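Residue numbers (full-length UniProt numbering): 1 to 218.
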């Protein structure tokens with residue numbers, strides 16, 4: 001979750017100047033507010049999160065303490081591979097996140113039958129990722145989803161129409177799950193090279209190699 005800080009800066013005399021910050025990470029937003037409070041010149045400080053909820057400096061500090069022990073700062077890479085001859089789909093997911101003071105990477109894949117084409121495999125991979133977030137206990141968090149399928153990402157963002165009935169069913173499932181978990185998604189297309197971890201996992205799934213691993217990042 002990111003936060004925007006608004007405040008009035010007290011000038012000498014009777015005039016005040018209104019300021020608003022960029023969207024900041026929780027840690028930076030809190031640090032900025034604390035420094036402004038120490039100056040004694042910041043009046044009427046209020047934070048807004050990405051949902052529009054307002055927070056005082058004290059409330060934000062308490063909120064961030066609670067969030068610290070939950071998975072946060074989540075970045076998800078997804079990829080779907082498809083073997084047309086065997087009609088098999090491989091799903092790859094890589095999730096980077098923080099919990100406590102530590103950073104983690106979760107890698108997993110899955111093999112699916114009865115998938116029609118590569119586009120459907122990409123949607124299935126995205127849904128696989130969202131289900132993983134649910135299993136991790138992720139709720140009411142900002143999540144950045146990265147993949148090399150512009151079709152999936154632009155259709156989820158509502159920028160491209162979707163005419164295929166089978167893909168619309170995946171769209172409905174994904175959107176319902178995102179709403180249920182209260183996620184705030186951001187969709188970022190990336191090149192194949194940046195998505196190679198998820199791509200490899202999808203390929204390994206088709207090859208019959210099941211992977212589910214978690215490691216702490218240095």
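Ideal Cβ positions, reconstructed from N, Cα and C, are used throughout, including at glycine. Predicted model only: the values in this text are computed from it and were never measured.
Practice task
Classify residue 123 as helix, strand or coil using the three-state DSSP reduction.
Solution key: Reduced to three states, the DSSP call for residue 123 is helix.
Practice task
Give a yes or no on contact between the segment 49-66 and the segment 20-34, applying the rule of three or more CB pairs nearer than 8 Å.
Solution key: These segments touch.
Practice task
Apply the 10 Å Cβ neighbour rule to residue 17 and answer buried if 16 or more other Cβ atoms are within range, or exposed otherwise.
Solution key: Within a 10 Å sphere around the beta-carbon of residue 17 sit fewer than 16 other beta-carbons, which makes this residue exposed.
Handout entry: For residue 94 and residue 197, the rounded distance between their alpha carbons
Key = Between the C-alpha atoms of residue 197 and residue 94 there is a straight-line separation of about 7 Å.
Practice task
Would you identify the three-state DSSP class for residue 11, choosing helix, strand or coil?
Solution key: Coil, per DSSP.
Practice task
Return the residue from the list 42, 41, 1 that minimises the CA-CA distance to residue 28.
Solution key: Considering only 42, 41, 1, the residue with the shortest C-alpha distance to residue 28 is 1.
Exercise for the section: For the segment 63-139, list the alpha helix (DSSP H) runs that are entirely contained and at least 4 residues long, ordered along the chain. Expected result: With a minimum length of 4 residues, the continuous alpha helix (DSSP H) runs that stay inside the segment 63-139 are 118-136.
Exercise for the section: Grab the span of the beta strand (DSSP E) containing residue 16 for me, first residue to last. Expected result: For residue 16, the enclosing beta strand (DSSP E) starts and ends at 16-20.
Practice task
Check the C-beta distance from residue 76 over to residue 143 and give it rounded, since I have them as a contact under 8 Å.
Solution key: Taking C-beta atoms under 8 Å as the contact rule, residue 76 and residue 143 qualify, at a distance of about 6 Å.
Practice task
Report the rounded CA-to-CA distance for residue 112 versus residue 170, giving the unit in angstroms.
Solution key: Roughly 14 Å separates the two Cα atoms.
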